[in-house]
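Visitor: Chains as they are written, first to last, in the working numbering: chain A, 960 to 1147; chain B, 960 to 1147. Where is the CB? At the ideal position from N, CA and C, for every residue including glycine. Bear in mind that the values here come from a model prediction, so they are computed numbers and not experimental data.
There are 2 protein chains.
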Amino acid sequence: MALRHAVLAALLDEELSGYQLAKAFDMGVANFWHALPQQLYAELAKLEKEGLVTGREVVQDTRPNKRLFQVTEAGLAELQRFAATANKPSFIRDDLLVKVQAADHVGAGKLIAQLTERAAFADAKIELFGGLLRQMRGDRSEEEFLRHGERIGPYLTCQRGLAFEQGNRDWCRQTAAILRERTAHVRR
Amino acid sequence: MALRHAVLAALLDEELSGYQLAKAFDMGVANFWHALPQQLYAELAKLEKEGLVTGREVVQDTRPNKRLFQVTEAGLAELQRFAATANKPSFIRDDLLVKVQAADHVGAGKLIAQLTERAAFADAKIELFGGLLRQMRGDRSEEEFLRHGERIGPYLTCQRGLAFEQGNRDWCRQTAAILRERTAHVRR
DNA sequence: AGTGATTAGTCATATATTTGAGTATCACGG
DNA sequence: CCGTGATACTCAAATATATGACTAATCACT
């Protein structure tokens, strides 16, 4: 039940609408938490009812109006309380890994294609995250920024996301290569 | 809805009881899928009803009796069908990353402690996975094994688990170090 | 002789998440 | 001037996952 805390954490640095939040959860924030738009709207409504965030209507001429949310003091307090609680072990859920677990029984062709596709996807994320990191640290070096920057939280989690995707890409490529080699060998 | 497929994949190489499966999901298999015992028992019951696995009672003198499950041909077919479907992007859910995202607002002490704890946990998993990999490849070299071994699926996913935990450990250590340095600096 | 851990599960309930279908406005390309 | 896609949401229902409480035997110890 940490979706609420993920939302609070995402709203710490900027005021966002549900829609923007959904976009963020589909990119950067999704590094560490995954959720669909519907969930986010529902969670924001609950958080507002509980006074952990406040929304304000922003009237737009050219676009539908939106509601921007920001974390209240109570919200920050809740996040601080959460930060002090024991954490559950992180977990991954990945279709592709399930398939590779069954690799010896399921035909390598489709698997190789999926591994290749995933590697390409990981590459795209690596570039995206690289860009985000550069943007966050500006003209400072990484070390400089991490030592003296004001908001390093998002930077640190983005670093983890980057490393994760690099690991993903490397493993996908290597695994695909191994499967290719084996099928080539078997065919003869 | 890939829990069923994770269960099938886990049962491919050995006949297991629900209890053993739960253990496996708490260790190796949990690399790529996470589930509680209750879920596994429920899923096994459903899979049996649908004819994707068959269970057989094993009477034990010294322990309570158990039911061992194995994948049927229909189960294997279902897994093969699944292996050919598009995969959803993998996702992580991690309390600790949420907390680090909020690092600039929540007090570093607790965070550093949790990062250190997580790094130690990752270390334990690294050792465990290293041992599992050695066991699986026996006296063969890794390259030899991956080229000519019979069942490499579990080996490949375990490799991914190992790399993930190494990344986890490194990031936790580095992040903890950065937070420590910053608090030391601020205190002055 | 009693306590706690391990094996081997079951049941009920609550919460979280996903699936699917809608609503409405505006911008842009052809 | 029509379709496509983006912005900005909402609602209902189905499914998956998590929480908590149980049973019951055996082992390893103190």
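Per DSSP, arginine 1026 of chain A is paired with what?
Guide: For the purposes of this step, residue 1026 of chain A is taken as the residue at position 67 of the first sequence. In the DSSP output, where bridge partners are listed per residue, arginine 1026 of chain A has A:Glu1016.
Visitor: For the pair the region 1069 to 1083 of chain B and the region 1121 to 1137 of chain B, tell me if three or more CB-CB distances fall below 8 Å.
Guide: The region 1069 to 1083 of chain B vs the region 1121 to 1137 of chain B: in contact.
Visitor: Can a CB atom of chain A be found closer than 8 Å to the CB of lysine 982 of chain B?
Guide: Locating residue 982 of chain B in the second sequence gives position 23, where the first residue counts as 1. Answer no: the Cβ-Cβ gap between lysine 982 of chain B and chain A never drops below 8 Å.
Visitor: Establish whether the CB of phenylalanine 1123 of chain A and some CB of chain B are separated by less than 8 Å.
Guide: Walking along the first sequence from the start, residue 1123 of chain A turns up at place 164. Yes, because at least one Cβ of chain B sits closer than 8 Å to the Cβ of phenylalanine 1123 of chain A.
Visitor: Below 8 Å between beta carbons is the criterion; list the residues of the region 1022 to 1039 of chain A that meet it against any residue of chain B, in chain order.
Guide: So the close ones are Leu1035, Leu1038 and Gln1039.
Visitor: With contact counted as at least three CB pairs below 8 Å, one residue from each stretch, are the region 1088 to 1099 of chain A and the region 1032 to 1044 of chain A in contact?
Guide: At 8 Å Cβ cutoff, the stretches do not touch.
Visitor: Along the region 1065 to 1098 of chain B, where does the CB come closer than 8 Å to a CB of chain A? Name the residues.
Guide: From the region 1065 to 1098 of chain B, only Val1065, Gly1066, Lys1069, Leu1070, Gln1073, Arg1077 and Phe1080 have a Cβ closer than 8 Å to chain A.
Visitor: Is serine 976 of chain A closer than 8 Å to arginine 1052 of chain A when the C-beta atoms are compared?
Guide: Here residue 1052 of chain A refers to the residue found at position 93 when the first sequence is read from its first residue. Here residue 976 of chain A refers to the residue found at position 17 when the first sequence is read from its first residue. No; because the gap between Cβ atoms is not below 8 Å, this pair is not in contact.
Visitor: For glutamine 1019 of chain B, I'd like the list of residues in its chain whose CB is within less than 8 Å of its CB, leaving aside the five on either flank, ordered along the chain.
Guide: Taking the first residue of the second sequence as 1, we reach residue 1019 of chain B at position 60. Counting only Cβ-Cβ distances below 8 Å, and skipping sequence neighbours, we find Lys1025.
Visitor: For a test of your reading of the model: does the CB of alanine 983 of chain B fall under 7 Å from any non-hydrogen atom of the ligand COA? Yes or no.
Guide: In the structure on display, the ligand COA does not appear, and there are no ligands present to speak of.
Visitor: For a minimum of 4 consecutive residues, which ranges assigned as the alpha helix (DSSP H) are wholly contained in the region 1047 to 1131 of chain A?
Guide: List check, alpha helix (DSSP H) in window: 1054 to 1060, 1067 to 1096 and 1101 to 1107.
Visitor: Who does leucine 975 of chain B pair with in a DSSP beta bridge?
Guide: Counting from one through the second sequence, the residue named residue 975 of chain B turns up at place 16. B:Phe1028.
Visitor: Output yes if chain B places a C-beta closer than 8 Å to the C-beta of valine 1059 of chain A; else output no.
Guide: Walking along the first sequence from the start, residue 1059 of chain A turns up at place 100. Closer than 8 Å: yes.
Visitor: Would valine 1059 of chain B and glycine 1108 of chain A be called neighbours here (beta carbons separated by less than 8 Å)?
Guide: Locating residue 1059 of chain B in the second sequence gives position 100, counting from the first residue. Locating residue 1108 of chain A in the first sequence gives position 149, counting from the first residue. No.
Visitor: Reducing DSSP to helix, strand and coil, say where alanine 961 of chain A ends up.
Guide: Reading the first sequence from its first residue, position 2 is the one you call residue 961 of chain A. The answer is coil: DSSP assigns alanine 961 of chain A none of H, G, I, E or B.
Visitor: With respect to the alpha helix (DSSP H) encompassing leucine 1006 of chain A, which residues constitute its N-terminal and C-terminal limits?
Guide: Locating residue 1006 of chain A in the first sequence gives position 47, counting from the first residue. From DSSP, the alpha helix (DSSP H) with leucine 1006 of chain A extends over 996 to 1008.
Visitor: May I ask you to verify whether the region 962 to 975 of chain B touches the region 1000 to 1013 of chain B, counting CB pairs closer than 8 Å and requiring at least 3?
Guide: Judged by Cβ distances under 8 Å, the region 962 to 975 of chain B makes contact with the region 1000 to 1013 of chain B, as three or more pairs qualify.
Visitor: May I have the straight-line CA-CA distance separating alanine 1045 of chain A from leucine 1121 of chain A, to the nearest angstrom?
Guide: Looking up residue 1045 of chain A in the first sequence gives position 86. Looking up residue 1121 of chain A in the first sequence gives position 162. Answer to the nearest angstrom: the Cα atoms are 25 Å apart.
Visitor: If you compare alpha carbons, which of A:Ala983, A:Arg1139, A:Arg1106 and A:Phe1028 is closest to proline 996 of chain A?
Guide: For the purposes of this step, residue 996 of chain A is taken as the residue at position 37 of the first sequence. Ranking the options by Cα distance to proline 996 of chain A, first place goes to A:Ala983.
Visitor: Would you tell me roughly how many angstroms separate the C-alpha atoms of aspartate 1082 of chain A and proline 1023 of chain B, rounded to the nearest one?
Guide: Position 123 of the first sequence, counting from 1, holds the residue named residue 1082 of chain A. Position 64 of the second sequence, counting from 1, holds the residue named residue 1023 of chain B. About 50 Å.
Visitor: Rounded to a whole number of angstroms, what is the C-alpha to C-alpha distance between leucine 962 of chain B and arginine 1106 of chain A?
Guide: Position 3 of the second sequence holds residue 962 of chain B. Position 147 of the first sequence holds residue 1106 of chain A. Spanning the two alpha carbons is a distance of roughly 43 Å.
Visitor: Quick one: list the residues of chain A neighbouring phenylalanine 1050 of chain B, beta-carbon separation under 9 Å, in chain order.
Guide: Position 91 of the second sequence, counted from the start, is the residue given in the question as residue 1050 of chain B. What phenylalanine 1050 of chain B touches in chain A: Ala989, Trp992, His993, Ile1051, Arg1052 and Asp1053.
Visitor: Below 8 Å on the Cβ atoms is my contact criterion, and I expect phenylalanine 1028 of chain B with leucine 970 of chain B to pass it. Report the Cβ-Cβ distance as a whole number of Å.
Guide: For the purposes of this step, residue 1028 of chain B is taken as the residue at position 69 of the second sequence. For the purposes of this step, residue 970 of chain B is taken as the residue at position 11 of the second sequence. Right, the Cβ-Cβ distance comes to about 6 Å (below 8 Å), so this counts as a contact.
Visitor: If you compare alpha carbons, which of B:Ala1043, B:Thr1134, B:Thr1031 and B:Leu1006 is closest to glutamate 1101 of chain A?
Guide: Locating residue 1101 of chain A in the first sequence gives position 142, counting from the first residue. Nearest option by C-alpha distance: B:Thr1134.
Visitor: Please state if the CB of arginine 1139 of chain A and the CB of isoleucine 1071 of chain A are separated by a distance shorter than 8 Å.
Guide: Numbered from its first residue, the first sequence carries residue 1071 of chain A at position 112. Numbered from its first residue, the first sequence carries residue 1139 of chain A at position 180. Cβ distance < 8 Å, so isoleucine 1071 of chain A and arginine 1139 of chain A count as in contact.
Visitor: Rounded to a whole number of angstroms, what is the C-alpha to C-alpha distance between leucine 1074 of chain B and phenylalanine 991 of chain B?
Guide: If you number the second sequence from 1, residue 1074 of chain B lands on position 115. If you number the second sequence from 1, residue 991 of chain B lands on position 32. Distance between the alpha carbons of leucine 1074 of chain B and phenylalanine 991 of chain B: 22 Å.
Visitor: Which of the three DSSP states is assigned to leucine 1011 of chain A in this structure?
Guide: Residue 1011 of chain A sits at position 52 when you count from the first residue of the first sequence. Looking at leucine 1011 of chain A - three-state DSSP - the assignment turns out to be coil, as it is neither helix nor strand.
Visitor: To which residues of the same chain is arginine 1096 of chain B closer than 6 Å at the C-beta, ignoring the five residues directly before and after it?
Guide: On the second sequence, position 137 is the one that residue 1096 of chain B refers to. Taken in chain order, the residues that qualify are Phe1104.
Visitor: Hey, does threonine 1126 of chain A have any beta-carbon neighbour from chain B nearer than 8 Å?
Guide: By one-based count along the first sequence, residue 1126 of chain A stands at place 167. It is worth fixing the name first, because residue 1126 of chain A is glycine in this sequence and not threonine. Glycine 1126 of chain A counts as touching chain B.
Visitor: So, at 7 Å on beta carbons, what are the nonlocal neighbours of threonine 1205 of chain B in its own chain, with the 5 sequence-adjacent residues on each side left out?
Guide: Examination of residue 1205 of chain B is not possible in this model, given that chain B is present from 960 through 1147 alone.
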